[in-house]
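**Student:** Sequential numbering of the sequence shown, starting at 292, is according to this note's numbering. C-beta: ideal position from N, C-alpha, C; glycine also. Quantities reported herein were computed from a predicted structural model and do not represent experimental measurements.
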Amino acid sequence: MEKRARIFSFLVITMVCVGSVLGYGDKSLFTPETAKSPLARSVFAFLESNRDQVINEWIHLTEIPSPSGHEAKRAAYMQDQFRSAGLEGVHIDAFGNVIGLWKGEPLGKNIIVTAHMDTVFQDVWEIKVKREANVLKAPGIGDDSASLINLLWSVRALKHAGFQPKNTYYFLATTGEEVGFVGMDNFLNATEESFDLVLALDGDLGKVHYGALGFGGGRITFRGPGAHTMQSRGVPNPNLAVALAIDRLYNIHLLAEPLEKWTILNIGLIGGGKVRNAVSQESFFSVDLRSADQEELKRVQREIKHICRDVATELGVDVEIDLNDDSKAYQIPNARESFLVKTVLDILAYLNVADVEVDPLGSTEANVGIEKGILSVNLGRTYGRYKHSLREEADIDGLFLAMKQILLLLICLE
Ligand SMILES: [Zn+2]
292 MEKRARIFSF LVITMVCVGS VLGYGDKSLF TPETAKSPLA RSVFAFLESN RDQVINEWIH
352 LTEIPSPSGH EAKRAAYMQD QFRSAGLEGV HIDAFGNVIG LWKGEPLGKN IIVTAHMDTV
412 FQDVWEIKVK REANVLKAPG IGDDSASLIN LLWSVRALKH AGFQPKNTYY FLATTGEEVG
472 FVGMDNFLNA TEESFDLVLA LDGDLGKVHY GALGFGGGRI TFRGPGAHTM QSRGVPNPNL
532 AVALAIDRLY NIHLLAEPLE KWTILNIGLI GGGKVRNAVS QESFFSVDLR SADQEELKRV
592 QREIKHICRD VATELGVDVE IDLNDDSKAY QIPNARESFL VKTVLDILAY LNVADVEVDP
652 LGSTEANVGI EKGILSVNLG RTYGRYKHSL REEADIDGLF LAMKQILLLL ICLE
């Protein structure tokens with residue numbers, strides 16, 4: 292067998308029984324009795340009795356500015372809280388990630404629970420959270436401060452309830468998620484531990500991602516000699532090349548099904564030329580290309596390159612093709628049918644979370660785990676609106692519901 296094919300069949304064989312390999316089987320681990328157990332009752336009661344403290348800390352944490360690359364202050368806060376919550380081995384690693392362990396038994400699983408500390412607001416150094424009834428408003432209030440609060444209070448609630456895990460949990464507050472999952476990527480590359488599961492917290496409650504969406508777009512530029520309109524007869528026109536290429540790009544066959552091969556392409560920007568009485572010397576368009584499947588992503592990239600080169604040859608213009616070749620779309624075979632996704636969906640149904648969406652199109656830190664062949668899932672942190680904008684909003688009740696979601700999942704994984 293060719294090496295590639297060998298690796299692939301190895302992956303299929305191991306992943307088909309990923310649940311069994313992990314000792315979890317392939318059925319949901321959730322039953323309504325789990326939610327009524329003394330442990331679950333105790334952690335839920337603890338959260339409710341600390342409702343004001345949860346909200347106040349959420350506001351406090353959000354008001355510590357933490358743009359990507361400048362997470363140190365927030366990291367110091369998280370480190371203190373991990374320590375006082377009773378996690379072990381709490382430290383900040385070489386990449387600025389905060390790590391805290393909750394050690395279980397030797398035969399337990401190694402499980403990462405992660406939320407990112409950074410925000411997209413590079414120039415915002417003054418943050419003031421506004422509260423209106425059930426809604427908090429501030430840049431970063433949801434993405435991803437709400438997840439950090441989920442994580443912190445889950446630990447505190449479980450500690451308070453006297454939880455003694457079989458599994459070992461690595462609680463991570465990471466850096467650089469918004470600039471390509473950098474902190475998480477560095478952590479997993481540097482660690483000598485091997486992990487069985489990754490649980491990432493990001494996005495809206497009810498959205499469940501078990502696969503990694505790849506991004507393979509970029510920019511195409513056509514160049515020609517240019518000419519005044521009066522001398523333009525027969526002169527190759529980069530604007531025409533853009534038009535022709537875009538028309539042909541939209542004829543590339545893109546799969547909508549199965550979801551594991553879902554692919555989309557959008558031309559969001561075009562431009563070219565400087566004045567209306569001359570032939571453009573340089574024209575460009577952008578391509579936003581996303582796919583759940585690496586092979587599909589590569590195939591569509593090849594077709595885009597082919598089309599653009601053909602158009603350039605036909606018209607006699609030069610072409611520069613700049614597409615992201617480092618794209619990483621990954622799927623764990625049968626992840627949708629794994630015990631992990633089934634358990635999460637049962638928990639969401641039990642909690643009456645509306646509008647549940649489950650897909651392999653994730654763009655969160657779970658992607659890094661999936662890329663490394665670790666069964667990983669991303670869970671939502673609360674309901675919110677206007678993410679990545681200064682008027683971002685997040686719902687308080689949604690946060691408490693999300694905390695129940697993650698706590699029930701941790702209890703089920705025992
Ligand atoms: Zn995020």
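Is Gly653 near Leu588, with beta carbons less than 8 angstroms apart?
**Tutor:** Against the sequence shown, residue 653 aligns to sequence position 362. Against the sequence shown, residue 588 aligns to sequence position 297. Contact: no.
**Student:** Only counting the same chain, and skipping five residues up and downstream in sequence, which positions put a Cβ closer than 6 angstroms to that of Gly377?
**Tutor:** The residue you call residue 377 lines up with position 86 of the sequence shown. Cβ within range, chain order: Lys450.
**Student:** Apart from the five residues just before and just after Val570, which ones in its own chain have a Cβ nearer than 6 angstroms to its Cβ?
**Tutor:** Within the sequence shown, residue 570 is the residue found at index 279, counting from 1. Gly517, Ala518, Ser523, Val526 and Asn528, listed in sequence order.
**Student:** Excluding the 5 residues flanking Gln372 on each side, which residues of the same chain have their C-beta closer than 7 angstroms to its C-beta?
**Tutor:** Residue mapping note: residue 372 aligns to position 81 of the sequence shown, counting from 1. Same-chain partners within the cutoff: Leu443.
**Student:** Compute the beta-carbon to beta-carbon distance between Val635 and Leu692, rounded to the nearest angstrom, for a pair I have assumed lies under 8 angstroms.
**Tutor:** Here residue 635 is taken as the residue at index 344 of the sequence shown, counted from 1. Here residue 692 is taken as the residue at index 401 of the sequence shown, counted from 1. Not really, about 14 angstroms apart at Cβ, beyond 8 angstroms.
**Student:** Is DSSP giving Phe454 helix, strand or coil here?
**Tutor:** Indexing the sequence shown from 1 puts residue 454 at position 163. Coil at Phe454, not helix or strand.
**Student:** Could you check where the beta strand (DSSP E) with Tyr368 kicks off and where it finishes?
**Tutor:** In the sequence shown, counting from the first residue as 1, residue 368 sits at position 77. Counting along the chain, Tyr368 falls outside any beta strand (DSSP E), though it belongs to the alpha helix (DSSP H) covering Ala363 to Ala376.
**Student:** Out of Phe386, Asp435 and Val381, point me to the one whose CA is closest to Ile355's CA.
**Tutor:** On the sequence shown, residue 355 is found 64 positions in, with the first residue counted as 1. Nearest C-alpha to Ile355: Asp435.
**Student:** How many whole angstroms separate the CB atoms of Val610 and Phe513, which I take to be in contact at a CB cut-off of 8 angstroms?
**Tutor:** Position 319 of the sequence shown, counted from the start, is the residue given in the question as residue 610. Position 222 of the sequence shown, counted from the start, is the residue given in the question as residue 513. Right, the Cβ-Cβ distance comes to about 5 angstroms (below 8 angstroms), so this counts as a contact.
**Student:** Can you tell me the Cβ-Cβ gap for His500 and Pro651, rounded? I've got them flagged as a contact below 8 angstroms.
**Tutor:** As a position in the sequence shown, residue 500 is number 209, starting the count at 1. As a position in the sequence shown, residue 651 is number 360, starting the count at 1. Contact holds; Cβ gap of about 7 angstroms.
**Student:** Rounded to a whole number of angstroms, what is the C-alpha to C-alpha distance between Gln413 and Val632?
**Tutor:** Position 122 of the sequence shown holds residue 413. Position 341 of the sequence shown holds residue 632. Computed Cα separation, rounded: 35 angstroms.
**Student:** Below 7 angstroms, is the gap between the Cβ of Glu551 and the nearest heavy atom of ligand 1?
**Tutor:** To locate residue 551, count along the sequence shown from 1; it is residue 260. Outside the cutoff, so no.
**Student:** If you follow the alpha helix (DSSP H) that Thr353 is part of, which residue opens it and which one closes it?
**Tutor:** Residue numbering aside, residue 353 sits at position 62 when the sequence shown is read from its first letter. From DSSP, the alpha helix (DSSP H) with Thr353 extends over Arg342 to Thr353.
**Student:** Assign Ser574 to one of three DSSP states: helix, strand, or coil.
**Tutor:** In the sequence shown, the residue the question calls residue 574 occupies position 283. Three-state result, Ser574: strand.
**Student:** Could you pull out every unbroken alpha helix (DSSP H) segment of at least 4 residues lying fully inside the stretch 597-671, listed in chain order?
**Tutor:** With a minimum length of 4 residues, the continuous alpha helix (DSSP H) runs that stay inside the stretch 597-671 are 630-641 and 657-662.
**Student:** Where do the N-terminal and C-terminal ends of the beta strand (DSSP E) with Gly255 fall, by residue?
**Tutor:** A question about residue 255 goes unanswered here, because the residues of the chain that appear run from 292 up to 705.
**Student:** At a cut-off of 7 angstroms, would you count Asp750 as near ligand 1, judging by its Cβ distance to the nearest heavy atom?
**Tutor:** Because residue 750 is not part of the residues shown, which for the chain are 292 to 705, the question remains open.
**Student:** Is the CB-CB distance between Met475 and Thr482 below 8 angstroms?
**Tutor:** For the purposes of this step, residue 475 is identified with residue 184 of the sequence shown, where counting begins at 1. For the purposes of this step, residue 482 is identified with residue 191 of the sequence shown, where counting begins at 1. No; because the gap between Cβ atoms is not below 8 angstroms, this pair is not in contact.
**Student:** By the DSSP assignment, the alpha helix (DSSP H) with Val533 in it spans what residues?
**Tutor:** Here residue 533 refers to the residue found at position 242 when the sequence shown is read from its first residue. Per DSSP, Val533 belongs to the alpha helix (DSSP H) from Pro529 to Leu540.
**Student:** Thinking Asn267 and Phe486 are a contact (beta carbons under 8 angstroms), I'd like their distance in whole angstroms, please.
**Tutor:** Nothing about residue 267 can be reported from this structure: the residues present for the chain run from 292 to 705 only.
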